[in-house]
Every structure is written in C-alpha cells, then in structure tokens.
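Accompanying notes for the structure given below.
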Amino acid sequence: MRVLEIASEAIPFAKTGGLADVAGALPAALARLGCEVTLVIPGHREALDRGLAIEPAGIGFDVPVGARRVPARILRATVPGGHDALLVDNPEFFDRPALYGDYADDAARWMFFARAAAELSARLGAPFDVVHCHDWQAGLVPALLKILPPLVPAATRTVMTIHNMAYQGSFPASDMPLTGLDWRYFNWRQMECHDRVNLLKTGLVFADLVTTVSPTYAREIQSAPGGCGLEGVLATRSGTVAGIVNGIDTAAWDPRNDPHLPRPYGPDDARLGKLAGGIALFSRLGAAPPDGRPVVAFVGRLAGQKGVGLVVDLLHRLAGSGRVRFVILGTGDAHWEGELGHAAAEHPGAVHVSLGFDEGLAHLVQAAADLLLVPSLYEPCGLTQLYAQRYGTLPVVRATGGLVDTVIDVSPETVREGSASGFVFPHVDAGELERAVIRGLDAHADGELWQRLVRQVMGLDWSWDTRAREYLRLFERTCSQPPQPVES
Ligand code: ADP
Ligand code: GLC
4 MRVLEIASEA
14 IPFAKTGGLA
24 DVAGALPAAL
34 ARLGCEVTLV
44 IPGHREALDR
54 GLAIEPAGIG
64 FDVPVGARRV
74 PARILRATVP
84 GGHDALLVDN
94 PEFFDRPALY
104 GDYADDAARW
114 MFFARAAAEL
124 SARLGAPFDV
134 VHCHDWQAGL
144 VPALLKILPP
154 LVPAATRTVM
164 TIHNMAYQGS
174 FPASDMPLTG
184 LDWRYFNWRQ
194 MECHDRVNLL
204 KTGLVFADLV
214 TTVSPTYARE
224 IQSAPGGCGL
234 EGVLATRSGT
244 VAGIVNGIDT
254 AAWDPRNDPH
264 LPRPYGPDDA
274 RLGKLAGGIA
284 LFSRLGAAPP
294 DGRPVVAFVG
304 RLAGQKGVGL
314 VVDLLHRLAG
324 SGRVRFVILG
334 TGDAHWEGEL
344 GHAAAEHPGA
354 VHVSLGFDEG
364 LAHLVQAAAD
374 LLLVPSLYEP
384 CGLTQLYAQR
394 YGTLPVVRAT
404 GGLVDTVIDV
414 SPETVREGSA
424 SGFVFPHVDA
434 GELERAVIRG
444 LDAHADGELW
454 QRLVRQVMGL
464 DWSWDTRARE
474 YLRLFERTCS
484 QPPQPVES
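If you count the sequence shown from 1, you need to add 3 to reach this note's numbering.
Below, the structure written as structure tokens:
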C-alpha cells in the first residue's frame, strides 16, 4: 500500500507537541508493516536549521494561492525508518521563528501548504492508495483532491485524523478564494462554519474516513462540548469516527538506552536510575540535589487545555508541606508562565520551573520524576503519560479522552490484578487533583507497593506496531469501499 502522510510538524524536523511525535513515528511504523510511505511537512526554519541531511528533491512548481502563484521547492530527507520525508520549502511562508503564531497571512500559508501537498500527491510516481491528513493544516487536502480536476486517481482514498478538535483553522469568508475552490462549496454542509471558512470541518466533510487519537475522545467529540461546534458535522457522516490510541517511539523513549540520561535503567534498577536522573536534573536546574522527597513533574504546553491552573493551585497547596518537590517544564501562555514563575519564587526549595522547549530535558524530567501530572481539561490522547509509564513514573491524570484509555487507577483491586497504571481523578477540581497526588505520595512511601507499580507501568506496551496495524486495517477497509460522496 502506498501512503502519503501530511502534517504541519514531525520529528526529527520540527516539533511543538504530540502531533510531531505521531507524524514522525507512524510513517516509520507503517513502513515496517510493508507500506511505501512518504511524509510531507512544511520546510519550517526549525527543520532546515537542525543540521539534518536534507537535499533538493529536484521537484518545483508554482502553487495557486488566490490570484498569486507561489513557488514551492521540494526538499527530500530520508528518515531513519527508511521512508521519504518531503519538505515544502517556501521562505516567505515558513522561514519564521515559530511554527505557529498568529501570523496575518496564516490563511495563505496553510492553504499554500495544503495545495502544495495535494499537488505533490499527484506528482510522485504511482498513485497513492491513501492520503492521510493530520489536523486542520491538512484539512483542505481531501476537498482539493475530490474537487479539483482529477489531481489523483479515483481509487485514492483520503483519511482525516483529528488530533485536537479545538483547533479548526477558521478564517474570514474573504479568504475563501485562497482555497482555489468555487464559492459554491462555501455553505454550511461543506466548508463554511459561522460565516467563516473552516479547514478542519472541510477535512471532516470531504475525507473518506475520519479518525481520532483515542476511542474515548472519538466518543467525546460526537457531542457538545467535546465536538467544539463540529459535533453536528460528525453526525452527518456515514459510519463512525474511529479512535486509535497513539503509540510511542520506543527507541527514542527508552530508559534503558537514552542518551539524555546519566544512567540508563530498566525495571530492576529504576530506583538508582531515577536517583542519578534527579542528581543531573537538579544540577541542571541550579537547585539543591535530591534529598529523598518524591519528585512530582509536569511537562507540556502551557495552554488552557492542559489544566495549568490546577497545577498552579496544587503548587500553592502542597509546596509548603515538605513532602514533595515539583519540577515544571513548559512553554506557552505568558499568563501561565508568570503564575508558575511566582510559585517558584514563593517556594524556592520546592518548586522548580523551566520555561522553554527542551527535548533532552523532557526525557531527563521523565526519568527523574516519581509522579507526572496530566490534569487536562480535555486530552485527545496525550503522550506524556505514556512516556512517564515507560520511565517508571506514575501519571496522575484527569479522566478525560485518551487519558481514560491509557491509565488505570491504582486501587487494591487493580494492584492485585496487576493492571494499576496511575492515579485518576474525575473532575476539573484542584481538591481532587491534590487528593490524587497525595494518594500517589502515600503509595510512594510504601516501598514494596511502589516497586510493584513501577515494574507494572514499565512493562506496558505502547509501541506503534500494534496501533499502525489498526491504521492499516482501516486504510484497507476504506480502500475497498466507495468514496465518501461529494455534494455539488
Ligand atoms: P500535546 O500534543 O497536546 O502538546 P502530548 O502529550 O500529545 O500533548 O504531546 C506533547 C509532546 O510535547 C511530548 O512529546 C512532550 O514531551 C513534548 N513537550 C511538551 N512541552 C515540552 C517542553 N516544554 N519541552 C520539551 N518537550 C515538550
Ligand atoms: C494533540 C493532542 C494530544 C495528542 C497529540 C497527538 O496535540 O492535544 O492529546 O496526544 O495531538 O495525537
């Protein structure tokens, strides 16, 4: 099967969050299953500045963006998994300090990217069986492939995967001409939403298959408020939204073999590995060395979604207890950066905050921590709780989205069965989070129980192979069925 994957970010090229991890690892996993996979991402400045082996692919063409014709030069990199990655290079749109930012020309840059990727799908030799589009930045692609004078053969199927329903790529109606599609598609059944062009909706309407990144999130987005206004659109689609939990790259995230750790470890020597990790981490943060207090960490985007308000509350509730040290690694909203900074200043020996994006530090924090906070208001899948488990760190999660599907609450029964894998609290409530963390600290104090829990979570299998097989099954089924019809 020939598969084209289209995403706005992917490791090892450029990353702001979990989409990059997925778009980096899923193509490799599909390739291991025998698929011929090509990944398309923008030629972000970050991607070109990382010193990776990236060469001109010898492909260049002009892309219509409204009245303009914008040049796209294609670069090629061979990714360790063996598949090709193509970068759509256009300095005007992608030579920028950040991948995203409220840029005034966002409509043009992402419509350019989608159109370039759609054109590419027709220019790369034999036709693709599946064009797999991730999130709103690729949402226009299914519509372009279905509507424009046949860009791809009728046998090609499009798949739209939702990583986050809250980000929809909604632009003023006046940007409709930039899509290259006729105004007749600007209607409430197709591309329009509240008088604006909505690129995620476009993908959901035109794709042959819609998936998301966990079964619980697949249910949540089919009604309000999880659907973020697009629940009605999902209801109009025949068939259901498939939910496949993300895998993790078990080579990149392997405590037994992780270059970011001072002392790699497995389940048998996790205590020593974590102690060495803690020494390295606190020295890097300019803080006092480990003193036996358990380490409770948070790694993530500082955005409303992640429940950062609950984290800040928790710091003020527990930092003075003398029972725990907190380590926060994150970047994002200035408001939350400020609040976290205040908490660190107020509790110098107990709260350590590192504001910035640092892949190596994220690994070290996972290795040094005992508990990892994921108190999200909503969470399509979440990857940090999976990395935590692999590193013998028990996640403390709110019961939402993929967190429900990946973490089983520690209780006498689940410990007995051997299924316990973290601490779960039901509501967005600082008191509930605090109680869940205290349960975690109490379990940590019980050496025998803790060792059992650490061993249990480190043995979980979150590798991509089984999940990629699920994608492949869905791709095969979609290819054997008629396409989603287009209303004209
Ligand atoms: P989301 O995609 O919503 O941000 P995920 O849990 O799926 O959440 O993925 C987050 C990814 O980004 C993980 O790989 C996590 O380690 C990484 N990450 C988030 N913030 C930082 C940071 N400040 N520094 C390094 N890595 C980070
Ligand atoms: C999104 C979601 C996150 C998910 C990631 C990868 O960013 O917020 O829950 O893990 O995509 O699918």
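No residue lacks a Cβ here, since even glycine has one placed at the ideal position from N, Cα and C.
Note that the structure is predicted; figures quoted are calculated from it, not measured.
Please list the terminal residues of the continuous alpha helix (DSSP H) segment that includes residue i.
i    : result
T396 : Careful: T396 lies outside any alpha helix (DSSP H) and carries neither H nor E.
H263 : From DSSP, H263 is part of no alpha helix (DSSP H); its letter is neither H nor E.
F174 : Careful: F174 lies outside any alpha helix (DSSP H), inside the beta strand (DSSP E) at 173-175.
I150 : 143-150
R222 : 218-223
L406 : 404-409
My output table needs one value for residue i: the three-state DSSP class, helix, strand or coil.
i    : result
A75  : strand
G303 : strand
H366 : helix
F115 : helix
F131 : coil
A23  : helix
S357 : strand
S466 : strand
P415 : helix
H2   : Outside the displayed span of the chain (4 to 491) sits residue 2, for which this structure offers no information.
V440 : helix
E382 : coil
F209 : helix
E490 : coil
M194 : coil
L154 : coil
L181 : helix
G160 : Sequence check: residue 160 is Arg here, not Gly. Note: R160 maps to strand in three-state DSSP.
T243 : coil
T387 : helix
A80  : strand
T481 : helix
Count the other C-beta atoms from every protein chain shown that fall within 10 angstroms of the C-beta of residue i, then say buried if there are 16 or more, exposed otherwise.
i    : result
A446 : buried
P351 : exposed
D108 : exposed
W256 : buried
A238 : exposed
Y188 : buried
E8   : buried
A291 : exposed
D294 : exposed
Y390 : buried
D316 : buried
N201 : buried
S286 : exposed
R118 : buried
N260 : exposed
W339 : buried
A448 : exposed
R480 : exposed
T243 : exposed
L406 : buried
R126 : exposed
D52  : exposed
Along the beta strand (DSSP E) that carries residue i, what are the first and last residues, could you check?
i    : result
C231 : Note, C231: premise wrong, no beta strand (DSSP E); not H, not E.
F16  : Careful: F16 lies outside any beta strand (DSSP E) and carries neither H nor E.
R199 : 199-201
A88  : 87-92
L452 : First-last for L452: 450-461, but that is the alpha helix (DSSP H), not the beta strand (DSSP E).
E8   : 5-9
G335 : 328-335
V427 : 426-428
V377 : 374-377
Exercise for the section: Taking 8 Å as the threshold, find out whether the region 59-67 comes into contact with the region 5-15 through three or more Cβ pairs. Expected result: no
Problem - Start-end ranges of the beta strand (DSSP E) lying completely within the region 38-71, minimum 3 residues - result: 39-45, 58-68
Handout entry: Stretch pair the region 466-478 + the region 340-347: three plus CB contacts closer than 8 Å
Key = no
Exercise for the section: Would you check if there are 3 or more beta carbon pairs closer than 8 Å linking the region 78-98 to the region 30-43? Expected result: yes
Problem - the region 415-422 contacting the region 332-345, beta-carbon criterion three pairs below 8 Å - result: no
Practice task
Examine the Cβ distances between the region 65-73 and the region 174-184 and report whether three or more of them are shorter than 8 Å.
Solution key: yes
Practice task
Indicate whether the contact test is met: 3 or more Cβ pairs, each with one atom in the region 130-143 and one in the region 99-119, closer than 8 Å.
Solution key: Judged by Cβ distances under 8 Å, the region 130-143 makes contact with the region 99-119, as three or more pairs qualify.
Problem - Touch test, the region 313-331 against the region 16-34, Cβ-Cβ under 8 Å, three pairs minimum - result: no
Handout entry: Whole beta strand (DSSP E) elements within the region 268-323, 3-residue minimum
Key = 298-305
Exercise for the section: Pair every Cβ in the region 355-362 with every Cβ in the region 378-386, then say whether three or more of these pairs are closer than 8 Å. Expected result: The region 355-362 makes no contact with the region 378-386, as fewer than three CB pairs between them are under 8 Å.
Handout entry: Three or more C-beta pairs below 8 Å linking the region 156-176 and the region 203-222
Key = Proximity of the region 156-176 to the region 203-222 meets the contact definition, three or more beta-carbon pairs being nearer than 8 Å.
Exercise for the section: Check whether the region 371-380 touches the region 426-442, taking contact to mean three or more Cβ pairs, one atom from each stretch, closer than 8 Å. Expected result: yes
Practice task
Tell me, please, whether the region 161-177 touches the region 448-460 by the rule of three or more beta-carbon pairs shorter than 8 Å.
Solution key: Fewer than three pairs of CB atoms, one per stretch, sit closer than 8 Å, so the region 161-177 makes no contact with the region 448-460.
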